[in-house]
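Numbering (the numbering used here), first residue to last: -5 to 251.
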């Protein structure tokens, strides 16, 4: 897995994991702002890296590989691991595995594992897969409807469509199947990191399941509502706010941004 590094001389380290249907350059607006104060690690996830042929594997495998990569680089601790949507699933599992101590784990509209019978998960995975395949054929209008991307402009949607059309069918299937059904250890361990769950005001209904999951299994999670945004919109639409929120993690408590 290719991991892009910025601000290598800085002491505090942030691992940032991109959502589905984008690549690592999803963070291109915030990297120049963050690298002034942080060492920034941005992996190009399997299946989403045009420089590395291969397909998406699984949330669990990628989280374990990222933990191993960080440890082998001699990094002793992570100030934060941030992940959006699919990236939020990987961020949570990275914090569960805790290959190195992680101070903050941020899930931005992160997906939690469904607690449903096996046959139901098959139908949901098939629905999501067909939705993506339809979006790939149908263009930006259908893609926007599929992702509820309020506030995301035509340029971002065109970028997402280009990425979606470059993905293999196996990567698309595994992305949604794994994000919906990744396996937590049983029993679920207590996580020593501070957990933050951010979600956009425009996706409150869609994230209700995930919020309940975090409240039930990780009751110390700190929730934050992001006004005037849709799913995945914080990094693109409000990069300065994103950087401010990262800088305020040690002081942050429950409430609205």
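Where is the CB? At the ideal position from N, CA and C, for every residue including glycine. Computed from a predicted model, the values in this text were never measured in an experiment.
Ranked by how close their Cα comes to the Cα of residue 106, the residues 188, 30, 152, 82 have 82 in first place. Taking 8 Å as the upper bound for CB-CB distance, residue 36 and residue 1 are not in contact here, some 11 Å apart. Contact annotation: the stretch 5 to 21 touches the stretch 39 to 47, with at least three C-beta pairs closer than 8 Å. By the Cβ-count criterion, residue 240 is buried, with 16 or more other Cβ atoms from all chains shown falling within 10 Å of its own Cβ.
For residue 60, the uninterrupted alpha helix (DSSP H) segment begins and ends at 53 to 66.
Measuring C-alpha to C-alpha distances from residue 166 to each of 6, 221, 52 identifies 52 as the nearest. One Cα belongs to residue 38, the other to residue 69, and the distance between them is close to 19 Å. DSSP places residue 176 outside both helix and strand once states are collapsed to three, so it counts as coil. Cβ contact annotation for residue 187 (same chain, cutoff 7 Å, sequence separation greater than five): 89, 96, 97, 98, 99, in chain order.
The DSSP-derived three-state label of residue -5 is coil.
Less than 7 Å separates the beta-carbon of residue 103 from that of residue 197.
Looking at the DSSP output, residue 37 sits in a beta bridge with -3. Your pair residue 168 and residue 21 does not check out as a contact, with CB atoms roughly 22 Å apart and the cut at 8 Å. In the structure shown, the three-state DSSP call for residue 214 is coil. Judged by beta-carbon spacing, residue -4 lies within the 7 Å limit of residue 46, meaning their Cβ atoms are closer than that value. For residue 45, no pairing in a beta bridge is given by DSSP. Between the C-alpha atoms of residue 156 and residue 149 there is a straight-line separation of about 11 Å. Take residue 32, set aside five residues on each side of it, and the residues of its chain with a beta-carbon closer than 6 Å to its own are 1, 4, 6, 8, in chain order. In the structure shown, residue 158 adopts helical secondary structure according to DSSP, grouped into three states. If you draw a straight line from the Cα of residue 202 to the Cα of residue 154, it is about 25 Å long. The three-state reading of DSSP puts residue 223 in coil, since its state is none of H, G, I, E or B.
With respect to the 7 Å criterion, residue 24 and residue 233 are classified as neighbours on the basis of their beta carbons. Counting only residues of its own chain and dropping the five nearest sequence neighbours on each side, residue 80 has a CB closer than 7 Å to the CB of 13, 14, 105, 169, 173. For the 7 Å CB-CB criterion, residue 54 and residue 87 form a contact.
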